[in-house]
Amino acid sequence: MAAAVGTWAFSMPAVDKARRLLEVGSGASAAVQEAITELENDKETGCFVVGRGGFPNKAGVVQCDAAIMEGLPGRFGAVAALPGVGTPLTVAQMVMDKSEHNMLVGEGAVAFAKEQGFRIEDNSDMMTEASLAAYEEFLQSRKSPPKNHDTLGLIVLDEMENITVGVSTSGAPFKDPGRVGDSPLPGCGLYADNRAGAAAATGDGDKIMCFCPSFHVVQLMKQGLSPGDACQSVIQDICHRVGNKDIFEIGLIALNMKGEVGAASTVPFPYTFWAHGMETVEQKQSCPYVHLD
Amino acid sequence: MAAAVGTWAFSMPAVDKARRLLEVGSGASAAVQEAITELENDKETGCFVVGRGGFPNKAGVVQCDAAIMEGLPGRFGAVAALPGVGTPLTVAQMVMDKSEHNMLVGEGAVAFAKEQGFRIEDNSDMMTEASLAAYEEFLQSRKSPPKNHDTLGLIVLDEMENITVGVSTSGAPFKDPGRVGDSPLPGCGLYADNRAGAAAGATGDGDKIMCFCPSFHVVQLMKQRGLPFSTRSWNLKQKKTSPTFRSLPP
């Protein structure tokens, strides 16, 4: 049964795009690629820390991370610290489909993108007035902007029971050059296994990567937990491990092979969801888990 | 109870170094760092695809990946596609200890290493006659060398029940520039959780391994099964097992 789920409220157009593609028989990966690309390319959504218009690193350069994973074993592609490409998810998909490797970073990722026909754009084309202003303010105050939701994560299940998850981000605003967060790392920002489903994570990428939450959620779904219970269990486990004092921002979404959705988080976490039979995409909200030490 | 385990036969000197350090009360992370660094720096072990003397990428540049993870939550540091540093594990440890981030790649990793006082060496100092010859043969034949065991993975448990795992590799010989395999990726090349233990995965095919997060998976299973293990001796006799993973529970 076809379904799609995305992180944060701003994913609604992406989930809606996926819905329209699924309704005319598109496959999961094509739907993920088209839906994410539209959002990456839109400078307006750059403020959500995705693709073109996203925030630059400390040196003023926009470096993006993106990855895609299919439910079939071994189907994974990622790029990280990739400058000059406003639609990094497609480059990640090409790494999955055309490279003998699964992850390319930095200048190597640039070289691959060029080989695949991408034009490497000037950094100025990757920025907007808003991101430039935010960067200049950062240079003055040395303070990051208030949290403005980051990383687009999108999971799509198609009618043929293929599942694909994609993630895209410009990374932590004003990060150190070359910094990679959880998003493009398999098991951390995303994971898919067609025996169980797929999951994606968002939030404080430096911390999230230490817990491999997406793999963990999929493992629990494989063991029989619902997507919601799996996400909740992983969040609880993380909270228990780190304790209240060191809790960080994390949100998880998951979809199983029946098209059922679940989410959990340590912060208020909206997500958007559609499944076959629903008229429109709905926005849901995960309430933060409160851990009692 | 202190213990140490390393991947492949060539890890024996590293495990022995860890043994000697543990016997004088060293902590797990210090032992991992010193033992791995000695092996990374040794051009003779470069043929095992680790650090100085390891194989270059397709463009002839040696780019290393390394990572370290402690059993305490949130303690992780990694570098990937890092050129010009023969001892990348120490840079990864500095990422863990001194950076607000946990993973730095490419030129960003170079910049960080410089800030931390590393000299970025000429690529020629990262190569040996053997790796240069292998690269020239690759250019002629376009074929990778026969499998020659890669990635040093080392897990150390100290007397204070701290556990640390470290991995270091120069990556798949003649890989595409910027290629990152499983080694420096948390949950893939390595994982540690002091509620259960630590694991490190090491085989040739890092491109494939990363799709299965095997190190995290192993640690999860150890956590679930709570298997008691018999005490391990300092027997440094080589052990051979069919699976290519090593795991160490506390």
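So the sequences go chain by chain: A and B. When the letters of the first sequence are read in order and numbered with my numbering, they come out as residues 87 to 379. When the letters of the second sequence are read in order and numbered with my numbering, they come out as residues 14 to 263. Ideal placement from N, C-alpha and C gives every residue a C-beta, glycine not left out.
Assignment of Met364(A) by DSSP, reduced to helix, strand and coil, places it in the coil class. Residues of the segment 176-188 of chain A with a Cβ closer than 9 Å to any Cβ of chain B, in chain order: Ser185, Glu186, His187 and Asn188.
Taken atom to atom, the span from the alpha-carbon of Met235(B) to that of His302(A) is near 14 Å.
Pro272(A) is bridged by DSSP to Leu276(A). Secondary structure note for Val177(A): its alpha helix (DSSP H) is the uninterrupted segment Pro174 to Lys184. Within a 10 Å sphere around the beta-carbon of Leu167(B) sit 16 or more other beta-carbons, which makes this residue buried. Neighbours of Lys200(A) across chain B, judged by C-beta separation under 8 Å, do not exist; the nearest C-beta is about 12 Å away.
In summary, Arg205(A) is exposed, with fewer than 16 beta-carbon neighbours lying within 10 Å of its beta-carbon over all protein chains present. Rounded to the nearest angstrom, the gap between the Cα atoms of Cys373(A) and Arg65(B) is 50 Å. From the listed residues Gly140(A), Glu245(A) and Lys184(A), the smallest Cα separation to Ala167(A) is found for Gly140(A).
Inside the segment 81-137 of chain B, DSSP marks whole beta strand (DSSP E) runs of 3 or more residues at positions 89-96 and 116-118, from first to last along the chain. Per DSSP, the continuous beta strand (DSSP E) segment holding Gln149(A) begins and ends at Gln149 to Glu156. Taking all protein chains shown into account, Glu346(A) has 16 or more neighbouring C-beta atoms within 10 Å of its C-beta and is therefore buried.
Comparing alpha-carbon positions, the option among Thr182(B), Gln237(B) and Val231(B) lying closest to Asn54(B) turns out to be Thr182(B). Only residues of its own chain outside the window of five on either side were considered, and among them Ala90, Trp360 and Val367 have a CB closer than 7 Å to the CB of Arg105(A), listed in chain order.
Secondary structure remark: continuous beta strand (DSSP E) runs of at least 3 residues inside the segment 226-265 of chain A, in chain order: 238-243 and 249-255. Restricted to the segment 198-224 of chain A, the alpha helix (DSSP H) segments that are unbroken, complete and at least 4 residues in length are 209-212, listed in chain order. At a cut-off of 8 Å between beta carbons, Leu271(A) contacts chain B. For Asp292(A) and Glu335(A), the gap between their C-alpha atoms comes out near 10 Å. Val18(B) sits in a strand when the DSSP states are folded into three classes. Sequence-distant Cβ neighbours of Pro313(A) in its own chain, meaning closer than 7 Å and more than five residues away, are Gly283, Met307, Ala340, Leu341, Asn342, Glu346, Val347 and Gly348. When 7 Å is used as the limit between beta carbons, Asn175(B) is near no residue of chain A, the shortest such separation being about 16 Å. Residues Lys30 and Leu34 of the same chain have their beta carbon placed closer than 7 Å to that of Glu47(B), with the five preceding and five following residues left out of the count.
Gln369(A) and Gly192(A) have their C-alpha atoms spaced approximately 35 Å apart. DSSP, reduced to helix, strand and coil, places Val193(B) outside both helices and strands of the structure shown, so it counts as coil.
The C-beta of Ala213(B) comes no closer than 8 Å to any C-beta of chain A. Per the coordinates, the alpha-carbon of Glu120(A) lies some 28 Å from the alpha-carbon of Gly146(A).
Against chain A, the beta carbon of Met223(B) has neighbours under 8 Å at Phe162, Asn188, Met189 and Pro272, listed in chain order. Secondary-structure assignment with DSSP links Ile176(B) through a beta bridge to Leu170(B).
DSSP, reduced to helix, strand and coil, places Cys77(B) within a strand of the structure shown.
For Asp315(A), there are no C-beta contacts with chain B under 9 Å, since the nearest C-beta of that chain is about 16 Å from it. Shown here, Phe301(A) sits in a helix according to DSSP, grouped into three states. Within the same chain, Cβ atoms closer than 7 Å to the Cβ of Ala114(A) are found at Val242, Leu243, Asp244, Asn248, Ile249 and Thr250, the five residues on either side in sequence being excluded. With respect to Gly275(A), Ala258(A) sits apart: the two C-beta atoms are not nearer than 8 Å.
One Cα belongs to Ser319(A), the other to Asp208(A), and the distance between them is close to 44 Å. In the DSSP assignment, Asp206(B) forms a beta bridge with Gly210(B).
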